[in-house]
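Worksheet for the structure shown next.
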Amino acid sequence: MKHSQFTLWSASRLVVCAIFTFMISATAFAHTALTEATPANGAIIKQGPAHINLTFNGPVKLVKLELMGVGHEMPTNFESNSTAAATFMIETPGMHPGAFTVNWAVMGEDGHTVADSYSFTVDPSITEEHAGESASNSH
Numbered sequence: 108m109k110h111s112q113f114t115l116w117s118a119s120r121l122v123v124c125a126i127f128t129f130m131i132s133a134t135a136f137a138h139t140a141l142t143e144a145t146p147a148n149g150a151i152i153k154q155g156p157a158h159i160n161l162t163f164n165g166p167v168k169l170v171k172l173e174l175m176g177v178g179h180e181m182p183t184n185f186e187s188n189s190t191a192a193a194t195f196m197i198e199t200p201g202m203h204p205g206a207f208t209v210n211w212a213v214m215g216e217d218g219h220t221v222a223d224s225y226s227f228t229v230d231p232s233i234t235e236e237h238a239g240e241s242a243s244n245s246h
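If you're matching positions, the sequence shown starts at 108 in this note's numbering and goes up one per residue.
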C-alpha cells in the first residue's frame with residue numbers, strides 16, 4: 108500500500124511539472140500580434156489617410172513596412188530602427204484612390220520576426236454612411 112501511495116504521489120508531481128513546463132514553453136513561443144490598424148483591414152475610406160497606425164499587443168521593433176498600390180509602392184516616412192514600441196504611426200504622403208496592401212514585419216522581444224499584411228481601399232465615391240466599413244459589409 109505504501110508503494111502505491113508513493114507511485115501516485117510521483118505521478119501527480121510528474122503531471123504538475125509537465126503542465127508547468129507546457130505553460131512556460133507556450134508563453135516563450137507566443138509571438139506578438141497586430142491588434143489594431145488604422146485604416147482597418149478591409150476598410151473602404153473616402154480619402155487617403157495622412158498616416159497608418161499600427162498597434163501591437165506588446166513592444167516590437169518595426170523592421171519592415173511597405174504600402175503597396177496596384178503594381179507600385181507608395182511613399183511613406185517609414186525607417187527601420189532599433190526602438191521597440193507597441194504603437195507606430197507612419198506618414199503616407201501622396202495617397203490617391205485605389206486598393207492598397209500594407210506589408211509589415213516586426214521583431215518581438217523573443218527575437219522572432221513576424222510578418223503579415225492587410226488591405227484597405229480609398230474610394231472617394233463612397234457615401235458617408237458607408238465610409239469606414241469593411242468591403243464585406245458594404246453594398
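Every residue, glycine too, gets a C-beta built ideally from N, C-alpha and C.
Computed from a predicted structure; not experimentally measured.
Would DSSP call residue i helix, strand or coil?
i, result
"residue 227", "strand"
"residue 205", "strand"
"residue 186", "coil"
"residue 215", "coil"
Between which residues of its own chain and residue i is the CB-CB distance below 7 Å, once the five residues before and five after are set aside?
i, result
"residue 164", "139, 140, 142"
"residue 219", "138"
"residue 196", "158, 160"
Closer than 8 Å by C-beta to residue i: which residues in its own chain qualify, once you throw out the five before and the five after it? Chain order, please.
i, result
"residue 249", "Nothing in the structure corresponds to residue 249, since the chain is present only between 108 and 246."
"residue 230", "151, 152, 153, 204"
For residue i, which residues of its own chain have a beta-carbon under 6 Å away from its beta-carbon, when the five flanking residues on both sides are left out?
i, result
"residue 222", "212"
"residue 187", "170"
To the nearest angstrom, how far is it from the Cα of residue i to the Cα of residue j?
i, j, result
"residue 181", "residue 202", "7 Å"
"residue 156", "residue 174", "12 Å"
"residue 215", "residue 148", "22 Å"
"residue 185", "residue 198", "8 Å"
Between residue i and residue j, how many whole angstroms is the CB-CB distance? I'm expecting something under 8 Å.
i, j, result
"residue 178", "residue 207", "In fact, because the Cβ distance is near 12 Å, the residues do not count as touching under 8 Å."
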